[in-house]
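Note sheet for the following structure.
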């Protein structure tokens, strides 16, 4: 099946949720399937067929993701939803920050910043700034990508709310850094047509504003 998928031009990556413990305290006794030898056999087939891997799992399983990344250094892992920092309490945010910094040391990982809206709370830049800025500092602009998670995140904001929020948070980044996060990283990582880069306006201009840096 993987070989068939690899022959489809529209297919670039396989996404999987390998299961997760309910909390950081339970992670050690309830590891995800990433540590299962049989699961890794399937993961190896993804890599051998030239497909990328999109991983959705909570940050308290990032050490397992680090082990996976180090075990298969030629395979790119795109972590979805910013590693799920849903609990914004100081203690949990410190744990999340440590986890994503450890993952960022693996150069074959990319972070997709998506799905970070809070339940029953409108999507606002001030609620998500720390998430974005921490990942920007850890991974750099060339290994992060903004994504909408639509239609699910329409529960907390419109498409313009979300991408306008990303723009507001990244306002002080250079144009190249903004371009990386809004489109460049996605184009490079997923092997999309490079002509997309020239067709898309600079994010600041697209929203009728400019960055503060030249």
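Numbering (the working numbering), first residue to last: 198 to 411.
Ideal placement from N, C-alpha and C gives every residue a C-beta, glycine not left out.
- Of the residues assessed, residue 369 falls on the exposed side of the cut-off, its CB having fewer than 16 other CB atoms within 10 angstroms.
- In the three-state scheme derived from DSSP, where H, G and I count as helix and E and B as strand, residue 369 is classed as coil.
- Per the Cβ contact rule, the segment 299 to 311 is in contact with the segment 343 to 354 (3 or more Cβ pairs under 8 Å).
- Taking the C-beta atoms as reference points, residue 265 is found no nearer than 9 Å to residue 275.
- For residue 264, the enclosing alpha helix (DSSP H) begins and ends at 259 to 268.
- Per the coordinates, the alpha-carbon of residue 328 lies some 26 Å from the alpha-carbon of residue 230.
- For residue 248 against residue 386, the beta-carbon gap comes to about 12 Å, at or over 8 Å, which does not count as contact.
- Closest in alpha carbon position to residue 220, among 281, 240, 267 and 209, is 281.
- Collapsing the DSSP output to three states places residue 308 in a strand.
- Counting along the chain, the unbroken beta strand (DSSP E) around residue 342 starts and ends at 341 to 343.
- Secondary structure within the segment 213 to 249: the alpha helix (DSSP H) runs of 4 or more consecutive residues, fully enclosed, are 234 to 245 (chain order).
- The beta carbon of residue 203 sits closer than 8 Å to those of 246, 247 and 248, all from its chain and outside the five residues before and after it, given in chain order.
- In the DSSP assignment, residue 208 falls outside any beta strand (DSSP E), carrying neither H nor E.
- In the structure shown, residue 276 adopts extended strand secondary structure according to DSSP, grouped into three states.
- In the same chain as residue 388, and ignoring 5 residues on each side of it, the C-beta atoms closer than 8 Å to its own belong to 209, in chain order.
- The DSSP-derived three-state label of residue 251 is strand.
- Between residue 374 and residue 338, the beta carbon gap of about 4 Å places them in contact (Cβ cut-off 8 Å).
- Boundaries cannot be given for residue 348, as no alpha helix (DSSP H) includes it and DSSP labels it neither H nor E.
- With 16 or more neighbouring CB atoms inside 10 Å of its own CB, residue 240 falls in the buried class.
- Per DSSP, the unbroken alpha helix (DSSP H) holding residue 290 starts and ends at 287 to 301.
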